[in-house]
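Single-structure report; data block below.
In UniProt numbering, the protein residues as written are 1 to 95.
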């Protein structure tokens, strides 16, 4: 039986004040790295400029970032979030 895919690294929990400026500006993950943005409380907007897509993330709706996919996030009021990084596509319940 396959082992569940686990993140190899996770960020600290950020809130609307501590969220780094680098995450608020357009950036991308490295080749071979998937990111899952998990919202602990509140809401966060994610934008994927190359695809002209924006989505609102909340505790029930995490966000998936594919390898090398450009994106940036914007807090929508008070929130807490964390990013898990994977070396392969996480299970569908992770996004």
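Yeah, the Cβ is synthetic: ideal placement off N, Cα and C, and Gly gets one too.
Check	Outcome
For residue 49, the three-state DSSP class (helix, strand or coil)	helix
Candidates 71, 24, 35: closest to residue 52 by CA position	71
Span of the alpha helix (DSSP H) around residue 23	21–24
Backbone secondary structure at residue 37 - three-state DSSP	strand
Counted within 10 angstroms of its Cβ, other Cβ atoms place residue 35 as buried (16 or more) or exposed	buried
Test item: CB-CB of residue 28 and residue 69 under 8 Å	yes
Three-state secondary structure assigned by DSSP to residue 87	coil
Beta-ladder partner(s) of residue 43, from DSSP	Partner(s): none; residue 43 has no beta bridge.
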